[in-house]
Amino acid sequence: MIGIVDYKMGNLASVQNAFSKLGHETVVESNSDKFKEYDKLILPGVGAFGDAMDHLRERNMIDAIKEFAESKKPMLGICLGMQLLFDSSEEFGEHEGLGLIKGDIKAFDTSKFSESLKVPHMGWNRMFTTNHPLFDGLDENHYLYFVHTFHIVGADKNDIIGETEYGYKFTSAVAHDNIMGIQPHPEKSHENGLKILENFIKL
């Protein structure tokens, strides 16, 4: 059974609906004591990093998420949920993250952009991926749907499993042992996104 963490900052219905299309039942879970009962965990997220960490803290979810990560069962962070897996973020101040994967979250450096590029990075873009089970059956440079203004910097090269070009190349997917994260929204990425979620089910 897959649990979807409900901390009042995620697009829970669309994530759950995507799994339903695959014929797989999920549970939207707001009780952190029950996280350990799931075989896999999804950490979604939409909004600001600091607010998200506050919501997790207020609901006593931080330790429960870290304990789940230590259990070696698969966990997937999506968009903001992926960013929360890292050490810190500079979004609206300095904020400490979950610290499950090495790296930090920084704003796009728009000084490197052409005039045609804007933030947030919004819409379809290619992801260049490594040979990881999360991407089985997908082309090496498949398109996925992105909506974000901040991205990962300083990730360990061994943890990087996907990169995307927007003004410059940035890390868009990571995996550290059983902990995975993707910047784009698979639930909004049609067949390619559903394939990623299907692969996550199979892990």
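Going by this note's numbering, 171 is the number at position 185 of the sequence shown; the sequence numbering is gapless. C-beta atoms are modelled at their ideal positions from N, C-alpha and C, and glycine is treated no differently.
Query, Result
"Residue 27, enclosing beta strand (DSSP E) - first and last residue", "26 to 29"
"For residue 184, three-class secondary structure by DSSP", "helix"
"Length of the line joining the Cα atoms of residue 118 and residue 78", "33 Å"
"Residue 41 - containing alpha helix (DSSP H), residue span", "35 to 44"
"Length-filtered (4 minimum) alpha helix (DSSP H) runs lying within the segment 50 to 112", "66 to 69"
"The beta strand (DSSP E) enclosing residue 159, as first and last residue numbers", "154 to 162"
"Residues sharing a beta bridge with residue 166, DSSP", "62, 161"
"Exposed unless 16 or more other CB atoms sit within 10 angstroms - verdict on residue 61", "buried"
"Where residue 10 sits in the DSSP three-state scheme", "coil"
"Residue of 187, 103, 82 minimising C-alpha distance to residue 74", "82"
"Reference residue -9; option with closest CA among 125, 26, 8", "26"
"Outcome for residue 103 when other beta-carbon atoms lying within 10 angstroms are tallied against a minimum of 16", "exposed"
"Under 8 Å between C-beta atoms of residue 84 and residue 167", "no"
"DSSP three-state assignment for residue 140, whether helix, strand or coil", "coil"
"Whole-Å CB distance - residue 58 paired with residue 86, under 8 Å assumed", "About 12 Å separates the two Cβ atoms, so there is no contact after all."
"Check whether residue 129 and residue 171 have beta carbons under 8 Å apart", "no"
"Check whether residue 152 and residue 107 have beta carbons under 8 Å apart", "yes"
"Endpoints, beta strand (DSSP E) assigned at residue -11", "-12 to -9"
"Selection from 136, 163, 173, 164 that minimises the alpha carbon distance to residue 157", "136"
"Proximity to residue 46 [Cα-Cα], best of 18, 111, 99, -2", "18"
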